[in-house]
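What follows is a single structure, written as structure tokens, with notes after it.
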Amino acid sequence: MLHIKHIKAGDWLTLLLGALLTAFLAATLWQGGAADKAVIRSGGKVFREVPLSRDQLIAVPGPLGISQIAIHNRQARIAADPSPRQYCVRQGWLKQAGEIAVCLPNQVSIELGGRRRNYDSLNY
Amino acid sequence: MTALTTENQDQGSRVKVQVKSLDSPCALYLEPCTSIRLGTTAEDHHIARMAALALGLSVLEAAIPSPLPGVKPGLANIVILIVLARYGWRTAAWVSLLRVVAGSLLLGNFLAPGFFLSLSGALCSLAVLAVAQHLPQRWFGPVTHSILAAAAHIAGQLLLVYFWLIPHSGLAYLIPIFAAAALVFGTVNGLIAAHYLDAPQSDLVKA
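Read top to bottom, the protein sequences are chains A and B.
Quick note on this note's numbering: the first sequence kicks off at 1 and runs consecutively.
Quick note on this note's numbering: the second sequence kicks off at 125 and runs consecutively.
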């Protein structure tokens with residue numbers, strides 16, 4: 001039987017600080033940074049680099065057919081693809097820098113990149 | 125009748141031999157006795173007993189599957205915490221390091237990477253416990269010790285992994301998972317240790 005009485009006041013403090021530290025670590029280390037562009041590749045070569053700021057639909061040709069890449073609300077996804085298993089389509093929206101979706105059969109990939117800038121602007 | 129007497133004689137001689145061997149073990153051998161005796165104190169036996177307990181827990185734990193290498197309950201640390209609270213840091217350090225060395229021999233990874241990970245974790249958590257034991261006892265109990273030791277344990281392991289095994293910054297993605305595991309398992313182990321420390325009649329850890 002474990003009783004709550006074994007936790008003393010300082011132990012609660014340690015628990016709280018530990019939880020805060022863990023949350024802080026998760027918030028800082030799991031943030032891939034804001035993405036601001038998408039690199040679209042086809043057959044291993046860069047097909048286009050597009051900014052995420054403008055919503056658009058891009059058709060990328062591959063050996064199997066046309067892959068549709070949608071950019072919407074600073075997110076990107078592969079909206080349609082002729083690949084048989086549709087893994088890259090089911091991956092859904094990519095949001096953070098470093099995220100990547102690859103359609104292997106059609107040799108199309110999309111990768112989000114950031115400029116590794118922590119601040120959009122600084123005001124004094 | 126004859127059979128009975130010989131049996132009696134046999135028993136008698138056996139008893140005699142036992143008495144002799146108790147008196148001086150060398151009397152049984154014709155050649156001069158050259159056995160080396162290591163003087164052990166009651167404290168040594170106590171440390172060995174505690175280390176065996178910790179060892180049993182770590183072997184038991186090795187059978188529990190883990191989703192991620194490094195995320196383990198660390199049950200042996202319960203013993204270390206109890207020893208720390210009852211017998212001081214020196215004894216706890218002995219038990220902890222004996223546990224690491226003997227545990228690696230039992231699990232077959234002595235001097236393998238897993239052994240050094242275990243050792244660096246144990247050394248870091250002992251270092252932290254050396255400081256944490258001086259926290260005022262009125263407010264800080266085994267739960268605090270356990271959480272701090274668990275955090276130091278995984279920190280020591282991660283440092284060794286980063287500088288020796290996987291020098292890749294992608295390791296940082298795993299840190300929040302390890303920190304959360306250390307917090308949860310540290311709290312649970314600390315509660316278990318506190319439970320046993322509060323029940324003096326329990327003979328789990330007795331001198």
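Each residue gets a CB set at the ideal place from its N, CA and C atoms; glycine is no exception.
It should be emphasised that the depicted structure is a prediction, and the values quoted were computed from it without experimental measurement.
Q.
Tell me which residue opens and which closes the alpha helix (DSSP H) that L315/B is part of.
A. Stepping through the second sequence from its first residue, residue 315/B is reached at position 191. Start and end: 299-322.
Q | Proximity below 7 Å, CB of G314/B to CB of P266/B | A | Taking the first residue of the second sequence as 1, we reach residue 314/B at position 190. Taking the first residue of the second sequence as 1, we reach residue 266/B at position 142. A contact, by the Cβ cut-off of 7 Å.
Q.
Measuring straight from C-alpha to C-alpha, what distance separates E111/A and L29/A?
A. Reading the first sequence from its first residue, position 111 is the one you call residue 111/A. Reading the first sequence from its first residue, position 29 is the one you call residue 29/A. For E111/A and L29/A, the distance between alpha carbons rounds to 20 Å.
Q: Look up P266/B in the DSSP assignment and say whether it is helix, strand or coil.
A: Here residue 266/B corresponds to residue number 142 of the second sequence, with the count starting at 1. For P266/B, the secondary structure class from DSSP, reduced to helix, strand or coil, is helix.
Q: Please classify K5/A: does DSSP put it in a helix, a strand, or coil?
A: Start at 1 with the first residue of the first sequence, and residue 5/A comes out as number 5. The answer is helix: DSSP assigns K5/A an H, G or I state.
**Q.** CB contact check: G113/A to chain B, cutoff 7 Å
**A.** The residue given as residue 113/A occupies position 113 in the first sequence. Closer than 7 Å: no.
**Q.** Distance, V195/B Cα to I58/A Cα
**A.** Here residue 58/A refers to the residue found at position 58 of the first sequence. Here residue 195/B refers to the residue found at position 71 of the second sequence. CA-CA distance, I58/A to V195/B, rounds to 44 Å.
**Q.** Any beta strand (DSSP E) of 3 or more consecutive residues that is wholly inside the segment 57-114 of chain A
**A.** Runs of the beta strand (DSSP E) inside the segment 57-114 of chain A: 66-72, 75-80, 100-103, 108-113.
(Q) Checking 7 Å against the spacing of the C-beta atoms, do S67/A and D55/A come in under that value? (A) Here the question's residue 67/A lines up with position 67 in the first sequence. Here the question's residue 55/A lines up with position 55 in the first sequence. D55/A sits away from S67/A, with the two beta carbons spaced by 7 Å or more.
**Q.** S270/B vs L205/B beta-carbon contact at 7 Å
**A.** Here residue 270/B corresponds to residue number 146 of the second sequence, with the count starting at 1. Here residue 205/B corresponds to residue number 81 of the second sequence, with the count starting at 1. Yes.
Q) Under the rule that 16 or more other beta-carbon atoms within 10 Å means buried, what is W288/B, buried or exposed? A) Numbered from 1 along the second sequence, position 164 holds the residue referred to as residue 288/B. It is exposed - the Cβ of W288/B has fewer than 16 other Cβ atoms within 10 Å.
**Q.** Beta-carbon proximity list for V225/B, same chain, < 6 Å, skipping 5 on both sides
**A.** Here residue 225/B refers to the residue found at position 101 of the second sequence. The beta carbon of V225/B lies closer than 6 Å to none in the same chain, with the five residues before and after it left out.
Q. Excluding the five sequence neighbours on either side, which residues of its own chain have a C-beta within less than 8 Å of the C-beta of T311/B, listed in chain order?
A. Your numbering for residue 311/B matches position 187 in the second sequence. Excluding its 5 nearest sequence neighbours in each direction, T311/B has C-beta neighbours in its own chain below 8 Å: V267, S270, I271, listed in chain order.
Q) Going along chain A in order, which residues have a C-beta closer than 9 Å to the C-beta of W263/B? A) The residue you call residue 263/B lines up with position 139 of the second sequence. K8, A9, G10, D11, L13, listed in chain order.
Q.
Using 7 Å as the threshold, is the C-beta distance between I278/B and A304/B below it?
A. The residue you call residue 278/B lines up with position 154 of the second sequence. The residue you call residue 304/B lines up with position 180 of the second sequence. Cβ atoms of I278/B and A304/B: not closer than 7 Å.
Q: Note down the Cα distance separating L222/B from W213/B, rounded to an integer number of angstroms.
A: Walking along the second sequence from the start, residue 222/B turns up at place 98. Walking along the second sequence from the start, residue 213/B turns up at place 89. Rounded to whole angstroms, L222/B to W213/B spans 14 Å at the Cα level.
Q) Of all the CB atoms in chain A, is at least one closer than 7 Å to the CB of A166/B? A) As a first step, residue 166/B is located in the second sequence; it is residue number 42 there, counting from the start. No, no contact with chain A.
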